[in-house]
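Order-wise, the sequence lines are chains D and U.
If you use our numbering, the first sequence closes out at 266, no skipped numbers anywhere.
If you use our numbering, the second sequence closes out at 771, no skipped numbers anywhere.
Have a look at the structure below before the remarks.
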Amino acid sequence: MKNKLFIFFIIGICIYLIDIGLNSNEDKNIYISDQEILSLVNAWKSQVGREPTDDEISRIINNLVQEEILYREALSLGLEREDKIIKRRLAQKITFLKQESILKDFSQKEITDFYNANRDKYYVPDLYTFTHKFFSSTSNSKERAQNHLNNSNRSYEGSDPFFLGKNFAETSSLEINSNFGSNFSLYLKNSPINQWIGPYKSSFGHHNLYITEYTPGFHPNLDDIYDQVMVDLNQLKRDSAISDFIKEVGSEYSVIINPDLKI
Amino acid sequence: MNFKSKKLLYLLFLLPVLYVAQLLIIDIDVNKKRPILNIFKLMQDDSALEIVDFSVDKKTVNSNLPKPNKDRNPYYGDLHVHTKYSFDAYVFGITASPDDAYRYAKGDGILHPLGYEMKLREPLDFYSVTDHGFYMGMIQAFADTTTDISKKDFAKPFHDLNRKDNLTVESAGERSDLFSSIIGAVIAEPHPNWHPSMIKAWLTKNTQQALKSFDYDIHKSAWADIARSANEHNDPGKFTTFIGYEFTTSTDIEGGNLHRNVIFNSSEASIRPWTRIDSLNPEDLWTWQDSLREKGIDTVSIPHNSNGSNGQMFEMESFLGRAIDQGYSDKRMRNEPLVEVTQVKGTSETHPLLSPDDDWADFEIMDVRVGSRPPTYSRPSGGYVREAYLNGLTLEFTQQGNPYKFGLIGSTDTHTGAGAFDEFNYWSKVGLLDGDAENRGSVPLAPENRERLEEYMAAFNQPQSTITLEQGDYANTGFTQWGASGLAVVWAEENTRDSIFKAFKRKETFATTGSRIAVRFFGGFNLSSIDLNSDNLVSESYEKGVTMGGDLISDGDKTPEFIVWAQKDKNGASLQRVQIIKGWMDTTSGRPSEKVYDVACSDGLDVDPVTHRCPDNGARVNITDCSISQNVGSSELKTLWRDPEFKSSDKSFYYVRVLENPTCRWSTWDAIKRGFKPREDLHDTIQERAWSSPIWYIPDPSDVVVVPLGGTVPIRNSN
Numbered sequence: 004m005k006n007k008l009f010i011f012f013i014i015g016i017c018i019y020l021i022d023i024g025l026n027s028n029e030d031k032n033i034y035i036s037d038q039e040i041l042s043l044v045n046a047w048k049s050q051v052g053r054e055p056t057d058d059e060i061s062r063i064i065n066n067l068v069q070e071e072i073l074y075r076e077a078l079s080l081g082l083e084r085e086d087k088i089i090k091r092r093l094a095q096k097i098t099f100l101k102q103e104s105i106l107k108d109f110s111q112k113e114i115t116d117f118y119n120a121n122r123d124k125y126y127v128p129d130l131y132t133f134t135h136k137f138f139s140s141t142s143n144s145k146e147r148a149q150n151h152l153n154n155s156n157r158s159y160e161g162s163d164p165f166f167l168g169k170n171f172a173e174t175s176s177l178e179i180n181s182n183f184g185s186n187f188s189l190y191l192k193n194s195p196i197n198q199w200i201g202p203y204k205s206s207f208g209h210h211n212l213y214i215t216e217y218t219p220g221f222h223p224n225l226d227d228i229y230d231q232v233m234v235d236l237n238q239l240k241r242d243s244a245i246s247d248f249i250k251e252v253g254s255e256y257s258v259i260i261n262p263d264l265k266i
Numbered sequence: 053m054n055f056k057s058k059k060l061l062y063l064l065f066l067l068p069v070l071y072v073a074q075l076l077i078i079d080i081d082v083n084k085k086r087p088i089l090n091i092f093k094l095m096q097d098d099s100a101l102e103i104v105d106f107s108v109d110k111k112t113v114n115s116n117l118p119k120p121n122k123d124r125n126p127y128y129g130d131l132h133v134h135t136k137y138s139f140d141a142y143v144f145g146i147t148a149s150p151d152d153a154y155r156y157a158k159g160d161g162i163l164h165p166l167g168y169e170m171k172l173r174e175p176l177d178f179y180s181v182t183d184h185g186f187y188m189g190m191i192q193a194f195a196d197t198t199t200d201i202s203k204k205d206f207a208k209p210f211h212d213l214n215r216k217d218n219l220t221v222e223s224a225g226e227r228s229d230l231f232s233s234i235i236g237a238v239i240a241e242p243h244p245n246w247h248p249s250m251i252k253a254w255l256t257k258n259t260q261q262a263l264k265s266f267d268y269d270i271h272k273s274a275w276a277d278i279a280r281s282a283n284e285h286n287d288p289g290k291f292t293t294f295i296g297y298e299f300t301t302s303t304d305i306e307g308g309n310l311h312r313n314v315i316f317n318s319s320e321a322s323i324r325p326w327t328r329i330d331s332l333n334p335e336d337l338w339t340w341q342d343s344l345r346e347k348g349i350d351t352v353s354i355p356h357n358s359n360g361s362n363g364q365m366f367e368m369e370s371f372l373g374r375a376i377d378q379g380y381s382d383k384r385m386r387n388e389p390l391v392e393v394t395q396v397k398g399t400s401e402t403h404p405l406l407s408p409d410d411d412w413a414d415f416e417i418m419d420v421r422v423g424s425r426p427p428t429y430s431r432p433s434g435g436y437v438r439e440a441y442l443n444g445l446t447l448e449f450t451q452q453g454n455p456y457k458f459g460l461i462g463s464t465d466t467h468t469g470a471g472a473f474d475e476f477n478y479w480s481k482v483g484l485l486d487g488d489a490e491n492r493g494s495v496p497l498a499p500e501n502r503e504r505l506e507e508y509m510a511a512f513n514q515p516q517s518t519i520t521l522e523q524g525d526y527a528n529t530g531f532t533q534w535g536a537s538g539l540a541v542v543w544a545e546e547n548t549r550d551s552i553f554k555a556f557k558r559k560e561t562f563a564t565t566g567s568r569i570a571v572r573f574f575g576g577f578n579l580s581s582i583d584l585n586s587d588n589l590v591s592e593s594y595e596k597g598v599t600m601g602g603d604l605i606s607d608g609d610k611t612p613e614f615i616v617w618a619q620k621d622k623n624g625a626s627l628q629r630v631q632i633i634k635g636w637m638d639t640t641s642g643r644p645s646e647k648v649y650d651v652a653c654s655d656g657l658d659v660d661p662v663t664h665r666c667p668d669n670g671a672r673v674n675i676t677d678c679s680i681s682q683n684v685g686s687s688e689l690k691t692l693w694r695d696p697e698f699k700s701s702d703k704s705f706y707y708v709r710v711l712e713n714p715t716c717r718w719s720t721w722d723a724i725k726r727g728f729k730p731r732e733d734l735h736d737t738i739q740e741r742a743w744s745s746p747i748w749y750i751p752d753p754s755d756v757v758v759v760p761l762g763g764t765v766p767i768r769n770s771n
């Protein structure tokens, strides 16, 4: 019995000694760099417009110290653990960090590759310049439009004003669809130039078109759109920075979820 | 005691007194926002006035942009979009970035937090991401949420945050918890007065810095990212973006929502947004905008959800309860030329109680204060634009100026980065909370969902969160009063930032409920000389009259004439009728009045000259499948209208309302898609519509107050 007590006593002493040993190893020094102090003092000066007094300097430093002490004591109590605020905040910080650490300089190959992979995004679309006669659906629009087409001297004046006007200059198929209705641009594709064509139906009525100019679309040279490509490449890098990072370190983690959880 | 030591003693005595005085000044100024001796102001440097160039180096390939159209084109956009940088969006599951939002506007699909794709049927022409300015980007901060903050004086100005936008949490309990802790963080303590951050806050006029929960660097970087994204996606000639944010303020005691969006007209902007932490008073926002304008940065602020302001958005007195005067009116109009009249959280044109004779007034009415807990009735008077226009005339009548001479736009206020404009493809706006039909109350709740909802909502100060109807129990948390609305439309020469912004300032804008209706509106005294069927109708109207947003100055006793021309949405229902809404101030009685005139009817029908109403055109909706009558209604309506009850001495305003044939409301679509009947206590159908900015008739030319709006407001006499 006595023996056992003694053993517990020895164990107790050991724990005590280890504790002291560990504690003495813990860094109780607070290092404040010159730079940190100078930048605070400079900020003070720029705001107030004079040198701070010794008192004021010591107050600035004291605040730094106090904050550091409270911070470390909180850490030693484990207050940061399971704190959603801090979790989110740290996750956000590393997000910003990863996004900012992207190299702004890309190799020429990287840029060319990116451009080639996304060529279609930079395609300059077909452009049409045309005028049209509009026949509102309020009164037999198709018949009137057909009359206009059939009338060889084109002096026919029975058309209606169109809400968005008569003439459309250098308009892409996207814009044509947005002005006349989806798929309307198909009527212009491969159509003859400088002659009346139609009648084509929109949701507003019928239209006869007269295309005067057609500029085929093209893939611009990389040099011509270099800035835009760089903007997009940067954006892509920013977007993928986090997912790449998670991919990179994610394999080291294993996720354990209760397989029986009912949701 | 000799003279020298006496002086020293004085000095010693004086030092603590000076110190205390300084603290007092800081305390009064930072915490209570009272004016203080100007001499101390000299030490201050306004951090909110520091300008940063956020522009991105970009040349365009297509240097030959389409020529500007002098007759102007309609451009459709949304000026009210939240992304993950808004503190309330983030906790509701939104992860869409500003880049995602702009991609969506250009036509790409992006994901809703519930996993489905959101995609526009047709891309938009302009877009602005407008995250909440206060706590922008700061999802969480260092606040100690266990502190009993309500006892602290400092916390009091922030108490009404509890009634902030979108506190309508009704989904996962965890989210409510998280949300509450954010509110806790917002009401965080400030640093003690001796703290360097406190002094810094005062010296830089940046009250946020005084809060323990605030990290200025994170805040600035979020703002910089929003500005960067806007500039990167701006594509002159094709797609326009604006740097913007929401100034989320409210009245102190009743929680009257006074939210506004601030839109910048440049790639440069202030280093940080001016927020409710700087001041709750909108007049201070305008002062800041005026100061920015002096530095060459032009902005407009656009109020929204006046319907949920408890009548305080368009009051007859100022925020501080002072009388409105000419100075106030000028300042407000200089900075707030537009109002967002319709959005997800209801439409603010008028209310059945305010316009009992208007058969179309009961439209998408949201009758609670924005974000109120528990949901609290919002007083209609003071919250709707038609009444504000009338009140503006009254204020002008009593020589106080007219602070309510604004134009109209719509927008969505989506918090998912993606606006929901279509009734048949609707996801409301706050992500997980209203992203499915059960939670937004259009179909009955499954029993387990009902239990969960009631539990969470009870914890969130909504005692009654469900309602029992014919087909079962429904969520009844307010989302049924929300809707698929709206769009901001401008008439501009070209799709560039400058051209569109100028249209904002001259109020040449109209609002729609999400439909791409287009409407022209001109007023003048010689418009009958124009042939309505001429190709030059528009250019001649510009020449001979004024358009929406303008002043029509009297020409003797001549009766004004108006030309209206509306075109339907090519993918939407046909038009049913066009109306002109007139408001006027009777100079003999001093009494304001309003009247709704039908001016053009569909299908060649005629307006009844006595009732001023169109006959029924017969358009119907089949509620079982939402199909609508074919071949009824018009693709366009055009007319010349003369005011039949004109009195040349009455100040008046005229604006256009265009009505589509009825179609199914989103709640009906939701129900029938899932095999239910529409809920019996909601409107089954709506009439999508558009409202133009008004034209104001000014009887006495000397009455015209030319508000300098950056030199972009032409005052034209029609002679």
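Cβ atoms here follow ideal geometry from the backbone N, Cα and C, with glycine treated the same way.
None of the values given here were measured: they were computed from a predicted structure.
Let me check one thing: in DSSP terms, what residues is glutamate 646/U bridge-paired to?
As a first step, residue 646/U is located in the second sequence; it is residue number 594 there, counting from the start. Its beta-bridge partners are Gly635/U.
Hey, how far is the Cα of aspartate 722/U from the Cα of lysine 136/D?
In the second sequence, counting from the first residue as 1, residue 722/U sits at position 670. In the first sequence, counting from the first residue as 1, residue 136/D sits at position 133. Distance between the alpha carbons of aspartate 722/U and lysine 136/D: 41 angstroms.
Going straight from the alpha carbon of threonine 56/D to that of leucine 263/U, what length do you get?
Translated into positions along the first sequence, residue 56/D becomes position 53. Translated into positions along the second sequence, residue 263/U becomes position 211. Approximately 26 angstroms between the Cα atoms of the pair.
List the residues of chain U whose Cβ lies closer than 7 angstroms to the Cβ of phenylalanine 166/D, in chain order.
In the first sequence, counting from the first residue as 1, residue 166/D sits at position 163. Within chain U, the residues near phenylalanine 166/D are Ala570, Trp617, Gln619 and Glu688.
Is it buried or exposed for alanine 141/U, if we count other Cβ within 10 angstroms and need 16 for buried?
Here residue 141/U is taken as the residue at index 89 of the second sequence, counted from 1. Alanine 141/U should be labelled buried.
Can a CB atom of chain D be found closer than 7 angstroms to the CB of proline 150/U?
Here residue 150/U refers to the residue found at position 98 when the second sequence is read from its first residue. It does not: the Cβ of proline 150/U has no partner Cβ on chain D nearer than 7 angstroms.
Chain D residues whose Cβ lies nearer than 7 angstroms to that of histidine 184/U
On the second sequence, position 132 is the one that residue 184/U refers to. None at all; the shortest Cβ gap to chain D is about 16 angstroms.
Just mark threonine 98/D as buried or exposed, buried being the case when its beta carbon has 16 or more other beta carbons within 10 Å.
For this step, residue 98/D is matched to residue 95 along the first sequence. Exposed.
Roughly how many angstroms lie between the CA atoms of serine 745/U and proline 427/U, to the nearest whole one?
The residue labelled residue 745/U in the question sits at position 693 within the second sequence. The residue labelled residue 427/U in the question sits at position 375 within the second sequence. A direct Cα-Cα distance of roughly 32 angstroms separates serine 745/U from proline 427/U.
Can you list the residues of chain D that valine 108/U reaches, using a CB-CB cut of under 9 angstroms?
The count along the second sequence starts at 1 and reaches residue 108/U at position 56. The contacting residues are Asp230 and Val234.
Under 8 angstroms by Cβ, that's how I've got leucine 786/U and threonine 561/U pegged, so tell me the actual separation to the nearest angstrom.
For chain U, the structure presents residues 53 to 771; residue 786/U sits outside this window and is missing.
Start-to-end residues for the alpha helix (DSSP H) that takes in aspartate 105/U:
One-based indexing of the second sequence puts residue 105/U at position 53. First-last for aspartate 105/U: 103-105, but that is the beta strand (DSSP E), not the alpha helix (DSSP H).
Starting from isoleucine 21/D, find everything on chain U with Cβ-Cβ shorter than 9 angstroms and list it in chain order.
Locating residue 21/D in the first sequence gives position 18, counting from the first residue. What isoleucine 21/D touches in chain U: nothing, since even the nearest Cβ is about 34 angstroms away.
Classify alanine 510/U as buried or exposed, calling it buried when 16 or more other Cβ atoms lie within 10 Å of its own Cβ.
Start at 1 with the first residue of the second sequence, and residue 510/U comes out as number 458. So alanine 510/U ends up on the exposed side.
Close Cβ partners of glycine 685/U (< 8 angstroms) along its chain, the five nearest in sequence each way excluded:
Translated into the one-based positions of the second sequence, residue 685/U becomes position 633. Once the five neighbours on either side are set aside, the close Cβ partners of glycine 685/U are Lys620, Ala625, Ser626, Leu627, Gln628, Ser654, Asp655, Asn669, Ala671, Glu712 and Asn713.
Going by alpha carbons, who is nearest to aspartate 58/D out of Ser149/U, Ala73/U and Trp246/U?
Taking the first sequence and counting its residues from 1, the one referred to as residue 58/D is at position 55. When only C-alpha atoms are compared, the closest one is Trp246/U.
Please confirm whether histidine 134/U and aspartate 183/U have their CB atoms less than 7 angstroms apart.
Residue numbering aside, residue 134/U sits at position 82 when the second sequence is read from its first letter. Residue numbering aside, residue 183/U sits at position 131 when the second sequence is read from its first letter. Yes. Within cutoff.
Exposed or buried, what is glutamate 85/D when buried is set at 16 or more other beta-carbons lying within 10 Å of its beta-carbon?
Here residue 85/D is taken as the residue at index 82 of the first sequence, counted from 1. Its Cβ having fewer than 16 others within 10 Å, glutamate 85/D is exposed.
Take leucine 101/U and list the residues in its own chain whose beta-carbon comes closer than 8 angstroms to its own, dropping the five residues that flank it on each side.
Start at 1 with the first residue of the second sequence, and residue 101/U comes out as number 49. Apart from sequence neighbours up to five positions away, the residues of its chain that approach leucine 101/U with a beta-carbon distance below 8 angstroms are Ser322, Trp340, Ser343, Leu344 and Lys347, ordered along the chain.
Output yes if chain D places a C-beta closer than 7 angstroms to the C-beta of leucine 589/U; else output no.
As a working mapping, residue 589/U is identified with position 537 in the second sequence. Interface with chain D (7 angstroms Cβ-Cβ cutoff): leucine 589/U is included.
With 16 other Cβ atoms within 10 Å as the buried cut-off, status of threonine 115/D
Along the first sequence, one-based indexing puts residue 115/D at 112. Burial check for threonine 115/D: the Cβ neighbour count within 10 Å stays below 16, so the residue is exposed.
Please check the pair asparagine 211/D and isoleucine 200/D, which I expect to be a contact at CB under 8 angstroms, by giving their CB distance rounded to whole angstroms.
Within the first sequence, residue 211/D is the residue found at index 208, counting from 1. Within the first sequence, residue 200/D is the residue found at index 197, counting from 1. The beta-carbon separation of asparagine 211/D and isoleucine 200/D, rounded to 7 angstroms, stays under the 8 angstroms limit for a contact.
So which residues of chain D does serine 586/U contact, with C-beta pairs closer than 9 angstroms?
Numbered from 1 along the second sequence, position 534 holds the residue referred to as residue 586/U. Those within 9 angstroms of serine 586/U in chain D are Pro164.
With a CB to CB cut of under 6 angstroms and the five nearest residues on each side skipped, what residues in its chain are close to asparagine 477/U?
On the second sequence, residue 477/U is found 425 positions in, with the first residue counted as 1. Around asparagine 477/U: no qualifying Cβ.
In angstroms with no decimal places, state the Cα-to-Cα distance between lysine 252/U and glycine 642/U.
Here residue 252/U refers to the residue found at position 200 when the second sequence is read from its first residue. Here residue 642/U refers to the residue found at position 590 when the second sequence is read from its first residue. The straight-line gap from Cα to Cα measures roughly 52 angstroms.
Does isoleucine 260/D get closer than 7 angstroms to chain U when you measure Cβ to Cβ?
Taking the first residue of the first sequence as position 1, residue 260/D is located at position 257. Answer no: the Cβ-Cβ gap between isoleucine 260/D and chain U never drops below 7 angstroms.
Just tell me which of Lys250/D, Ala244/D, Glu173/D and Asp235/D has its CA closest to the CA of asparagine 121/D.
Along the first sequence, read from residue 1 onward, the residue named residue 121/D stands at position 118. Here the closest residue by C-alpha is Asp235/D.
Give every residue of the same chain whose Cβ lies closer than 7 angstroms to the Cβ of isoleucine 40/D, excluding the five residues on either side of it in the sequence, and list them in chain order.
Locating residue 40/D in the first sequence gives position 37, counting from the first residue. Cβ within range, chain order: Ile64.
Roughly how many angstroms separate the alpha carbons of cysteine 678/U and alanine 94/D, rounded to a whole number?
The sequence position of residue 678/U within the second sequence is 626, counting from 1. The sequence position of residue 94/D within the first sequence is 91, counting from 1. Cysteine 678/U and alanine 94/D: Cα-Cα distance of roughly 47 angstroms.
Give me the Cα-Cα distance between serine 681/U and valine 673/U, rounded to the nearest whole angstrom.
Here residue 681/U refers to the residue found at position 629 when the second sequence is read from its first residue. Here residue 673/U refers to the residue found at position 621 when the second sequence is read from its first residue. Straight across, the Cα-Cα distance linking serine 681/U with valine 673/U is about 7 angstroms.
I want to verify the contact list: residues of chain U whose CB lies under 8 angstroms from the CB of alanine 172/D, in sequence order.
Position 169 of the first sequence, counted from the start, is the residue given in the question as residue 172/D. Close to alanine 172/D, with beta-carbon spacing below 8 angstroms, are these residues of chain U in chain order: Pro118 and Lys119.
Straight-line Cα distance separating arginine 726/U from glutamate 388/U
Translated into positions along the second sequence, residue 388/U becomes position 336. Translated into positions along the second sequence, residue 726/U becomes position 674. If you take the alpha carbons of glutamate 388/U and arginine 726/U, they lie about 43 angstroms apart.
Cβ of tyrosine 802/U within 7 angstroms of Cβ of serine 704/U?
Any answer about residue 802/U is impossible in this case: the structure gives chain U only from 53 up to 771.
Would asparagine 362/U and arginine 312/U qualify as a contact pair, given that the criterion is a beta-carbon distance under 7 angstroms?
Taking the second sequence and counting its residues from 1, one reaches residue 362/U at position 310. Taking the second sequence and counting its residues from 1, one reaches residue 312/U at position 260. Not a contact, by the Cβ cut-off of 7 angstroms.
Starting from the beta carbon of threonine 141/D, find every residue of chain U whose beta carbon is closer than 9 angstroms, and list them in chain order.
Reading the first sequence from its first residue, position 138 is the one you call residue 141/D. In chain order: Asp655, Gly656, Ser686, Ser687 and Glu688.
In angstroms with no decimal places, state the Cα-to-Cα distance between serine 232/U and lysine 557/U.
Taking the second sequence and counting its residues from 1, the one referred to as residue 232/U is at position 180. Taking the second sequence and counting its residues from 1, the one referred to as residue 557/U is at position 505. With a pLDDT of 42 at serine 232/U, under the threshold of 50, the modelled position of that residue is not reliable, and no figure is offered here.
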